[in-house]
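**Student:**
2 protein chains.
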Amino acid sequence: MRPESRKQEIINAAAILFKEKGYSAVTMRDLAKAMGIKAASLYNHIQSKQEILSTIIIGLAEEFTVGMNKIVNSDENTIQKLENIIDLHIDVTLRNADGLASLNNDWMHLEEDNLQYFEKMRQEYEDNFRDIVKKGLEKGEIKPYNVEIMVFSTLSTLRTLYLWYPEQKEIDSDILKRDMISVLLKGVA
Amino acid sequence: MRPESRKQEIINAAAILFKEKGYSAVTMRDLAKAMGIKAASLYNHIQSKQEILSTIIIGLAEEFTVGMNKIVNSDENTIQKLENIIDLHIDVTLRNADGLASLNNDWMHLEEDNLQYFEKMRQEYEDNFRDIVKKGLEKGEIKPYNVEIMVFSTLSTLRTLYLWYPEQKEIDSDILKRDMISVLLKGVA
DNA sequence: GTCTATAAGCAGATAGAC
DNA sequence: GTCTATCTGCTTATAGAC
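Sequence lines, in order, name chains A and B. Each residue of the first sequence is one higher than the one before, starting from 1 at the first, in UniProt numbering. Each residue of the second sequence is one higher than the one before, starting from 1 at the first, in UniProt numbering.
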């Protein structure tokens, strides 16, 4: 383990608490107790509770934005692009499952500019996803079901991985990727 | 519209607010404002904020428990059982999408007995789902992928329907059921 | 059934000592 | 970098008038 800055330690501890109870239900006193210090001491490292939340969420949202842009601009076919999106979500989940809880459930507690910035990134991510599916449908690379249903179904599974994967330590990440791709693309029946 | 009791009106208004900001971030003053009265007046109809939450969540959890028990005890094959589970989730979502937000995101704020009761129902629901998939796999009715991945993937899509379906008013509920069954059981590729 | 007034406690955050 | 002490405002909930 490489040493982390005190600020990053606080953010990591906060992400765990936010995952358990949600941003609004976690107090600075809860967070301080988890760090083994008093609440006032936290403010020597961070500016506000809000700064912790925005650091967690915006960083992750930017990772997804960068990853999706690479996939969209590649010249692979539709199925390969969908596989790469699944890969992207699994990779981010393995690296920061706790933070993804905040991104999924507490983004609405972002303030001002960060809220707008986040919503813009999320909208663009979904639009990119939808375009990939639409083009695949036009080219006959995927089945002619309702586009919104396919996008929603896949995305909601990938977005909820953070809740489930940490419990499944016995599943190797390569098997996870392979079976997740199979289940989402080819179904279970 | 049949007339609703004032208590039920309050619970419905609360479910909408809980969906938007989460249980902890919604104050009794917020709820009172939504109802057009003062916060103190709410207590003439309900005992506590906690009572509102448990009424929303426990009622829905019991609906899922009853529905799942019927499916488990039927003599249909695995694919039909999975279709019936999809049906169950779509039906409950159409009837009370707002309440499902609390069930999914705010169950951890239940207290004492209700928390234990909820967790027991959720565990049994997941166990029943897993058993259906396992038996289908043994009988060769579904594909030999990792059981946990299939259960998680399907269940996370169904659990997140509440976020997405209210936005998709142009999709007929029969088309939703048909394509949802196709996408989850047969995949998109 | 709704109101005003208010209790009792907890929230995020700051000041200043060590 | 952490502490104690404290401010200010907001939280759920109650009491009692109308």
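Beta carbons: idealized from backbone N, C-alpha and C, even for Gly. Note that the coordinates shown come from a computational prediction; the quantities given were computed from them, not determined experimentally.
I149 (chain B) touches chain A at which residues, Cβ-Cβ below 8 angstroms?
**Tutor:** Within the second sequence, numbered from 1, the residue matching residue 149 (chain B) stands at position 149. What I149 (chain B) touches in chain A: I171, L176, D179, M180 and V183.
**Student:** Under 8 angstroms between beta-carbons, which chain A residues line up against M28 (chain B)? List them in chain order, please.
**Tutor:** On the second sequence, residue 28 (chain B) is found 28 positions in, with the first residue counted as 1. Going along chain A, no residue has its Cβ under 8 angstroms from M28 (chain B), so there is no contact; the nearest lies around 14 angstroms.
**Student:** Do the CB positions of R141 (chain A) and I71 (chain A) come within less than 8 angstroms of each other?
**Tutor:** For the purposes of this step, residue 141 (chain A) is identified with residue 141 of the first sequence, where counting begins at 1. For the purposes of this step, residue 71 (chain A) is identified with residue 71 of the first sequence, where counting begins at 1. The sequence given here places Glu at residue 141 (chain A); Arg does not occur at that position. Inclusion of E141 (chain A) and I71 (chain A) in the CB contact set at 8 angstroms is not warranted, their separation being larger than that value.
**Student:** Roughly how many whole angstroms lie between the Cα atoms of P166 (chain A) and L155 (chain B)?
**Tutor:** As a first step, residue 166 (chain A) must be located in the first sequence, where it is residue number 166. As a first step, residue 155 (chain B) must be located in the second sequence, where it is residue number 155. Taking the straight line from one Cα to the other gives about 17 angstroms.
**Student:** Report the rounded CA-to-CA distance for G67 (chain A) versus D91 (chain A), giving the unit in angstroms.
**Tutor:** Here residue 67 (chain A) is taken as the residue at index 67 of the first sequence, counted from 1. Here residue 91 (chain A) is taken as the residue at index 91 of the first sequence, counted from 1. Using only the alpha carbons, I get a separation of about 10 angstroms.
**Student:** Does the pairing of the segment 89-106 of chain A with the segment 145-152 of chain A give three or more beta-carbon distances under 8 angstroms?
**Tutor:** With the cut-off at 8 angstroms, the segment 89-106 of chain A and the segment 145-152 of chain A do not touch.
**Student:** Relative to the C-alpha of D75 (chain B), which residue among B:K186, B:R178, B:K135 and B:A32 is closest?
**Tutor:** For the purposes of this step, residue 75 (chain B) is identified with residue 75 of the second sequence, where counting begins at 1. The residue from B:K186, B:R178, B:K135 and B:A32 with its alpha-carbon nearest to that of D75 (chain B) is B:K135.
**Student:** Counting contacts by CB-CB distance shorter than 8 angstroms, is K139 (chain B) in contact with chain A?
**Tutor:** Taking the second sequence and counting its residues from 1, the one referred to as residue 139 (chain B) is at position 139. No, K139 (chain B) lies away from the interface with chain A (no Cβ there is under 8 angstroms from its Cβ).
**Student:** Can the beta-carbon of Y162 (chain A) be found less than 8 angstroms from the beta-carbon of A61 (chain A)?
**Tutor:** Along the first sequence, read from residue 1 onward, the residue named residue 162 (chain A) stands at position 162. Along the first sequence, read from residue 1 onward, the residue named residue 61 (chain A) stands at position 61. No; because the gap between Cβ atoms is not below 8 angstroms, this pair is not in contact.
**Student:** Which residue comes first and which comes last in the alpha helix (DSSP H) that contains E148 (chain B)?
**Tutor:** Indexing the second sequence from 1 puts residue 148 (chain B) at position 148. E148 (chain B) -> alpha helix (DSSP H) spans V147 to R159.
**Student:** Measuring alpha carbon to alpha carbon, tell me which of B:N128, B:I56, B:A40 and B:Q8 ends up nearest I85 (chain B).
**Tutor:** The residue labelled residue 85 (chain B) in the question sits at position 85 within the second sequence. Closest by alpha carbon: B:N128.
**Student:** Only counting the same chain, and skipping five residues up and downstream in sequence, which positions put a Cβ closer than 7 angstroms to that of Y23 (chain B)?
**Tutor:** Here residue 23 (chain B) refers to the residue found at position 23 of the second sequence. Around Y23 (chain B): L53, S102, D106 and H109.
**Student:** Which two residues bound the contiguous alpha helix (DSSP H) that contains A32 (chain A)?
**Tutor:** Against the first sequence, residue 32 (chain A) aligns to sequence position 32. Taken as a continuous stretch (DSSP letters only), the alpha helix (DSSP H) holding A32 (chain A) covers M28 to M35.
**Student:** Using the beta-carbon of each residue, which ones in chain B are nearer than 8 angstroms to N128 (chain A)?
**Tutor:** Mapped onto the first sequence, residue 128 (chain A) falls at position 128. Chain B residues near N128 (chain A): none, gap ~16 angstroms exceeds 8 angstroms.
**Student:** Closest Cβ-Cβ distance between T157 (chain B) and chain A: below 8 angstroms?
**Tutor:** Translated into positions along the second sequence, residue 157 (chain B) becomes position 157. Taking Cβ atoms only, chain A reaches closer than 8 angstroms to T157 (chain B), which makes this a yes.
**Student:** How far does the alpha helix (DSSP H) with L17 (chain A) in it extend, from its first residue to its last?
**Tutor:** Against the first sequence, residue 17 (chain A) aligns to sequence position 17. Unbroken alpha helix (DSSP H) run through L17 (chain A): R6 to K21.
**Student:** Nearest CA to the CA of E111 (chain A): which residue from B:K7, B:I10, B:K21 and B:S5?
**Tutor:** On the first sequence, position 111 is the one that residue 111 (chain A) refers to. Comparing alpha-carbon positions, the option among B:K7, B:I10, B:K21 and B:S5 lying closest to E111 (chain A) turns out to be B:K21.
**Student:** Just the chain A side, please: which residues come within less than 9 angstroms of V108 (chain B) by C-beta, in chain order?
**Tutor:** Taking the first residue of the second sequence as 1, we reach residue 108 (chain B) at position 108. Reading off the sequence shown, one finds Met at residue 108 (chain B), where the question assumed Val. Within 9 angstroms Cβ-Cβ: E20, K21, G22 and A25.
**Student:** Pick out whichever of B:L88, B:T55 and B:E170 has its Cα sitting closest to the Cα of Y117 (chain B).
**Tutor:** Numbered from 1 along the second sequence, position 117 holds the residue referred to as residue 117 (chain B). That would be B:T55, whose Cα lies nearest to the Cα of Y117 (chain B).
**Student:** So Q168 (chain B) contacts chain A; which residues on that side make the cut at Cβ distance below 7 angstroms?
**Tutor:** Counting from one through the second sequence, the residue named residue 168 (chain B) turns up at place 168. In chain order: E148.
**Student:** If we cut at 8 angstroms on Cβ distances, does V188 (chain B) have a partner in chain A?
**Tutor:** For the purposes of this step, residue 188 (chain B) is taken as residue 188 along the second sequence, with counting starting at 1. With 8 angstroms as the cut-off, V188 (chain B) counts as an interface residue toward chain A.
**Student:** With 16 other CB atoms within 10 Å as the buried threshold, where does I175 (chain A) fall?
**Tutor:** Position 175 of the first sequence, counted from the first residue, corresponds to residue 175 (chain A). Answer is exposed; the Cβ neighbour count stays below 16.
**Student:** Would the beta-carbon of I46 (chain A) fall within 8 angstroms of that of I16 (chain A)?
**Tutor:** The residue labelled residue 46 (chain A) in the question sits at position 46 within the first sequence. The residue labelled residue 16 (chain A) in the question sits at position 16 within the first sequence. Cβ distance not < 8 angstroms, so I46 (chain A) and I16 (chain A) don't count as in contact.
**Student:** Do you know offhand how far L42 (chain B)'s Cα is from K19 (chain B)'s?
**Tutor:** Mapped onto the second sequence, residue 42 (chain B) falls at position 42. Mapped onto the second sequence, residue 19 (chain B) falls at position 19. If you draw a straight line from the Cα of L42 (chain B) to the Cα of K19 (chain B), it is about 19 angstroms long.
**Student:** Hey, Y145 (chain A) and T65 (chain A): beta-carbon distance below 8 angstroms or not?
**Tutor:** Translated into the one-based positions of the first sequence, residue 145 (chain A) becomes position 145. Translated into the one-based positions of the first sequence, residue 65 (chain A) becomes position 65. Cβ atoms of Y145 (chain A) and T65 (chain A): not closer than 8 angstroms.
**Student:** Measuring only between beta-carbons, confirm whether I58 (chain A) sits less than 8 angstroms from chain B.
**Tutor:** Position 58 of the first sequence, counted from the first residue, corresponds to residue 58 (chain A). No, I58 (chain A) does not count as interfacial toward chain B.
**Student:** Output the residue ranges of the alpha helix (DSSP H) runs that lie fully inside the segment 49-105 of chain A and measure 4 residues or longer, sorted by chain position.
**Tutor:** 49-72, 78-95 and 97-105
**Student:** Starting from the beta carbon of Y145 (chain A), find every residue of chain B whose beta carbon is closer than 8 angstroms, and list them in chain order.
**Tutor:** Taking the first residue of the first sequence as position 1, residue 145 (chain A) is located at position 145. Residues of chain B passing the Cβ test: D179, S182, V183 and V188.
**Student:** Using the Cβ count rule (16 or more neighbours within 10 Å means buried), how would you classify T160 (chain B)?
**Tutor:** On the second sequence, residue 160 (chain B) is found 160 positions in, with the first residue counted as 1. Around the beta carbon of T160 (chain B), 16 or more other beta carbons lie within 10 angstroms, which makes this residue buried.
**Student:** Which residues in chain B sit within 7 angstroms of F152 (chain A), going by Cβ to Cβ distance?
**Tutor:** If you number the first sequence from 1, residue 152 (chain A) lands on position 152. Per Cβ cutoff of 7 angstroms: W164.
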